[in-house]
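*Asks:*
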Amino acid sequence: MIVVDVILNGLMLGGLYALFGLGLSLIFGVMKIANIAHGEFAIGGAFLAIAAAIFLGAPLWLAVIGALILSFVIGFGLQLVLVNRVMGDDPVPALLMTFGLSIIIQNLLVELFGADNRSLDIGPLATAGIDLGPVSIGVFPLILFVVAIALFAALHWMLHHTKAGRNIRATSDDPDMVGMMGMERAHIFAIVMGVSAALAALAGIMLAMRGSITPFSGAERLLIAFEVIVIGGLGSIWGSLLGGLALGLVHVIALRLDPSSGPLYGHLLLLAILLLRPEGLAGRKAQR
Amino acid sequence: MLKVDGLSASYGDYTAVFDARFEVAAGETLALIGANGAGKTSLLHAICGLCSAQGRITLDGADMHGLTAAKRAQLGVALSPEGRRMFASLSVQENLEIGANTGRTGPWTLSSVTKLFPILGEFADRPARLLSGGQQQMVAIGRALMANPKVLLLDEVSLGLAPVVAQEVMQALAKLRTESGIATILVEQDIRRAIAASDRFLCLLEGRVVLQGASKGADLDAIGRAYFGEGTAA
Ligand SMILES: Nc1ncnc2c1ncn2[C@@H]1O[C@H](COP(=O)(O)OP(=O)(O)OP(=O)(O)O)[C@@H](O)[C@H]1O
Ligand SMILES: [Mg+2]
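Quick mapping for you: the protein sequence lines, in order, are chains A and B. Residue 695 is where the first sequence starts when you use our numbering, and the numbers rise one by one after that. Residue 7 is where the second sequence starts when you use our numbering, and the numbers rise one by one after that.
1. With a threshold of 7 Å (Cβ to nearest heavy atom), would B:K46 be considered close to ligand 1?
2. Measuring CB to CB, does B:Q218 end up less than 8 Å from B:F28?
3. Excluding the 5 residues flanking A:L705 on each side, which residues of the same chain have their C-beta closer than 8 Å to its C-beta?
4. If we ignore side chains and look at the alpha-carbon of each, how far apart do A:S649 and B:V171 end up?
5. If you reduce the DSSP assignment to three classes, tell me which class A:S952 lands in.
6. In the structure shown, what three-state DSSP assignment does B:S97 receive?
7. Tell me which residue opens and which closes the alpha helix (DSSP H) that A:F883 is part of.
8. Is B:H51 buried or exposed, if buried means 16 or more other CB atoms sit within 10 Å of its CB?
9. Contact check, A:P909 vs A:F793 under 8 Å by CB: the rounded distance?
10. Looking at the secondary structure, which residues open and close the alpha helix (DSSP H) in which A:I831 lies?
11. Three or more beta-carbon pairs under 8 Å between the stretch 220-227 of chain B and the stretch 53-72 of chain B, yes or no?
12. Helix, strand or coil for A:G974? Go by DSSP, reduced to three states.
13. Could you check the C-alpha separation between A:S955 and A:L849 for me, to the nearest Å?
14. Do you know how far the Cα of A:I798 is from the Cα of B:K46?
15. Taking 8 Å as the CB-CB limit, is B:P155 close to chain A?
16. Just the Cα atoms here: how many angstroms apart are B:C209 and B:H71?
17. Let me know if A:M725 comes out buried or exposed under the rule of 16 or more other beta-carbons within 10 Å of its beta-carbon.
18. Determine the burial state of B:W114: buried for a count of at least 16 other Cβ atoms within 10 Å of its Cβ, exposed for fewer.
19. Residues of chain A with CB closer than 7 Å to the CB of B:E100, please, in chain order.
20. For A:V946, does the count of other Cβ atoms within 10 angstroms reach 16, so buried, or fall short, so exposed?
21. With a threshold of 7 Å (Cβ to nearest heavy atom), would A:D870 be considered close to ligand 2?
22. Might you give, ordered along the chain, the residues of its own chain that have their beta carbon closer than 6 Å to the beta carbon of B:R199, omitting 5 neighbours on each side?
23. Can you determine whether any heavy atom of ligand 2 sits closer than 7 Å to the C-beta of B:D161, and answer yes or no?
24. Please list, in chain order, the chain A residues whose beta carbon lies closer than 9 Å to that of B:S95.
25. Flag B:L151 as yes if its beta-carbon sits less than 8 Å from any beta-carbon of chain A, otherwise no.
26. For A:P785, write down the residues that DSSP places opposite it in a beta bridge.
27. Quick one: does the C-beta of B:E88 sit closer than 7 Å to a heavy atom of ligand 2?
28. In terms of residues, what are the limits of the beta strand (DSSP E) holding B:Q218?
29. Rounded to whole angstroms, what's the CA-CA distance from A:D825 to A:P835? Just pull it up for me.
30. Should A:S930 go down as buried or exposed, given a rule of 16 or more other Cβ atoms within 10 Å for buried?
31. Report yes if the C-beta distance between A:I907 and A:A743 is below 8 Å; otherwise report no.
32. What I want to know is whether the C-beta of B:G40 ends up closer than 7 Å to one or more non-hydrogen atoms of ligand 1.
33. Who are B:T190's beta bridge partners in DSSP?
34. Consider the Cβ of A:E878: report whether some Cβ of chain B lies at a distance smaller than 8 Å.
35. Cβ of B:C57 less than 8 Å from any chain A Cβ?
36. In chain B, which residues lie less than 7 Å from A:M871 when you measure between Cβ atoms?
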């Protein structure tokens, strides 16, 4: 029964990991750049919710929704006024720009909130569990898992069944031609960055509900998000889900068998994927 | 309708088109003729705002200088690009519909385009990348028409089409031009076909306009010489 327990916990942790990867995967798929500030978007979003809940005394649901909306606006705005300026055939300037943003956001968070551990209190939900005979699973991790899966499905639906989604896919296919379709590429990039920032913020908020964060937690989250999208297959939305689940499983199994290993086996999984299947679990070989 | 004056097109330090000057009236077709690398595509891209350009481009008197490609598309410039440039992950129907994103209305809708190219109706739900080259070319033309443009730029559209189909497309386009008064610029490798399908022609050599005139009764030998840069035709 320990096996079932470990697998369930691994999958549920994997759902959160996948959510960290989702926004990064979206950015990579559409703009072909890596957003180094992704981890800080996640942690910054969580701090926005913490600020609203703790310092302003807003109810939790309101704090979360407010933080998500604000994260969208911040992501949208940063892309529109800063990152779009350096987007071009060469991905390096945009990469450096997001690197700079990550440092600025982190310092801003330290300045505003100090370096202490912070978390979002979800009350009795944190310890509630469901007994399934020999194993029991936490209610909150389960909610987290369901929300993550639902967001993957929602994003997939949006991309394939709405006009905005169609325009985003077209931009991913051929960014130079969408202008001739009457669309401002810069605008679409900004929307995508906004959505990505909101997804990151939600993942960060869930992390802060599950445990605690500091302004320095972003780098580790970025690493996880990167591992998720590389394991799953770069730019593939469903690949990120697969990558997240795989990484979660490996982490939980490894910690059970070798409690002092930390994230080591996750890194080894990444290495194995890079060597054996560099296109990722869901990636297609040599696209285009 | 479209007026181009002193237009140069460049990529970084490299200038591909120098000081082009011409006009295309409503319902009129201008053929752009020139060897590989003469600057035909660059000239079209300069009109679309897809490469950096100096000089005046006006559409119905409105200056388009400095406008983004999206703004120009909304004003009525549509391009069927060289190499077709399908949106690979979109279905055929989505590729056509996205052309209508400019918000312009007119005779061209999904149903009128699929009437012109019936095969596109049949393959509506297929990913565009799975179509044959000629079929993709039809999508590219249809996508440009969906914008209900004032100015239609066709870059090597007969490339990859069977001669019979190319003929049909040319005839259909000719009919539509006279009916709806679209101004067309046509890039064609085949000089004879270009002249036959146009009202006026313009011959480019290494980025410079070396010959232009009426297509009717044009001297094909003179155009041939201008094309290869032999002698100084004027
Ligand atoms: N993106 C680009 N960057 C730099 N130079 C370019 C670019 N596109 C075209 N050129 C150069 O500009 C010149 C004109 O190219 P253009 O594509 O306009 O020619 P063309 O007349 O359309 O040729 P073809 O018949 O082969 O399509 C060429 O010398 C080409 O090398
Ligand atoms: Mg060309």
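All C-beta atoms, glycine included, are put in the ideal place defined by N, C-alpha and C.
*Replies:* Based on what the coordinates show:
1. yes
2. yes
3. F839, L939, G942 and L943.
4. Outside the displayed range of chain A (695 to 982) lies residue 649 of chain A, so it cannot be described from this structure.
5. Per the sequence shown, residue 952 of chain A should be read as Asp rather than Ser. Correct three-state label for A:D952: coil.
6. strand
7. R879 to R904
8. buried
9. Taking 8 Å as the upper bound for CB-CB distance, A:P909 and A:F793 are not in contact here, some 17 Å apart.
10. Per DSSP, A:I831 belongs to no alpha helix (DSSP H); it is in the beta strand (DSSP E), V829 to G832.
11. no
12. coil
13. Near 34 Å, if we compare the C-alpha coordinates of A:L849 and A:S955.
14. Looking at the backbone, the Cα of B:K46 and that of A:I798 are separated by about 47 Å.
15. no
16. Within the model, the alpha-carbon separation for B:C209 versus B:H71 is close to 24 Å.
17. Buried, by the Cβ-count rule.
18. buried
19. R860
20. Residue environment for A:V946: buried (at least 16 other C-beta atoms within 10 angstroms of its C-beta).
21. no
22. none
23. yes
24. Per Cβ cutoff of 9 Å: R863, A864, S866 and D867.
25. no
26. DSSP output for A:P785 lists no bridge partner at all.
27. yes
28. R214 to A220
29. 14 Å
30. buried
31. Cβ atoms of A:I907 and A:A743: not closer than 8 Å.
32. Short note on B:G40: C-beta closer than 7 Å to some heavy atom of ligand 1.
33. Checking the DSSP bridge columns, you'll see B:T190 partnered with B:T35 and B:L158.
34. Output row for A:E878: interface = yes.
35. Nearest CB-CB separation between B:C57 and chain A: not below the 8 Å threshold.
36. P87 and R91
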